[in-house]
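Quick mapping for you: the protein sequence lines, in order, are chains A and B.
For what it's worth, our numbering labels the leading residue of the first sequence as 13, then goes sequentially.
For what it's worth, our numbering labels the leading residue of the second sequence as 853, then goes sequentially.
Glycine included, every Cβ here is placed at the ideal spot set by N, Cα and C.
All of these numbers come straight from a predicted model, not from anything done at the bench.
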Amino acid sequence: GENVEQHPSTLSVQEGDSAVIKCTYSDSASNYFPWYKQELGKGPQLIIDIRSNVGEKKDQRIAVTLNKTAKHFSLHITETQPEDSAVYFCAANYMRFGAGTRLTVKP
Amino acid sequence: ETGVTQSPTHLIKTRGQQVTLRCSSQSGHNTVSWYQQALGQGPQFIFQYYREEENGRGNFPPRFSGLQFPNYSSELNVNALELDDSALYLCASSFSDRDLEQYFGPGTRLTVT
């Protein structure tokens, strides 16, 4: 079936460092790749997305890259802050989610 | 602009019972999707409703059913509850079935004992 694999499952960085989360997908028909941030007790919040006709997208400290040939995409967070601590999910289209990455940013 | 709302926030049911969860979509959105999120896992797609019709379904048994109303709000019904149905149930809305950008509600935490 169609799967989205996400790595790493946990990530701990020092405040100010960069964090990178990677996902791979199997369905070549996927054309929309969102990233969500989920804080404790809340629903996932869309933070950035990329479509298949674009290779990279940036929004302030957050960027996403997409390699359609290799079927993988990545989330990059620069200058991390303690408030970036949360669980991050990637998805392929709206139906397939990765298992999540718990990011901890240490002050 | 009102975001996606869900009710109730928490719910405890007994195995074998039935439950109904409710979702109000974001203003201007006519498409609602439901997800099940088990503890420590990513959301699993249950189904999507567009203009009151089911518009796609994930790998969930028929005892998971839904409705969408003319105002685009939606219900998720689960019959014959099992212990494994304990999870956070998320609703997400989007502008249309062709718009993949969706926004999630806070979820309903269902516990089955």
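Apart from sequence neighbours up to five positions away, the residues of its chain that approach Arg867/B with a beta-carbon distance below 8 Å are Leu933, Glu934, Leu935, Val964 and Thr965, ordered along the chain.
In this structure, the alpha-carbon of Arg915/B lies about 19 Å from that of Glu904/B. Taken through DSSP and simplified to helix, strand or coil, Asp61/A comes out as strand.
Pro895/B sits buried, since 16 or more C-beta atoms from the chains shown fall within 10 Å of its C-beta.
DSSP places Leu940/B in the uninterrupted beta strand (DSSP E) bounded by Ala939 to Ser946.
Nearest Cα to Tyr902/B within the set Arg961/B, Leu873/B, Trp886/B and Ala890/B: Trp886/B.
If you ignore the 5 residues before and after Asp71/A, its C-beta comes within less than 7 Å of the C-beta of Ile60, all in its own chain and listed in chain order.
In the DSSP secondary-structure assignment, Glu906/B is bridged to Tyr901/B. Taking CB atoms only, Ser946/B has a neighbour in chain A less than 9 Å away. Taken atom to atom, the span from the alpha-carbon of Thr90/A to that of Glu27/A is near 10 Å.
Residues of the region 917 to 939 of chain B with a C-beta less than 8 Å from any C-beta of chain A: none at all. Of all alpha-carbon atoms in Asn907/B, His881/B, Gln888/B and Cys875/B, the one lying nearest the alpha-carbon of Glu927/B is that of Cys875/B.
With 16 or more other CB atoms across the displayed protein chains lying within 10 angstroms of its CB, Val884/B is buried.
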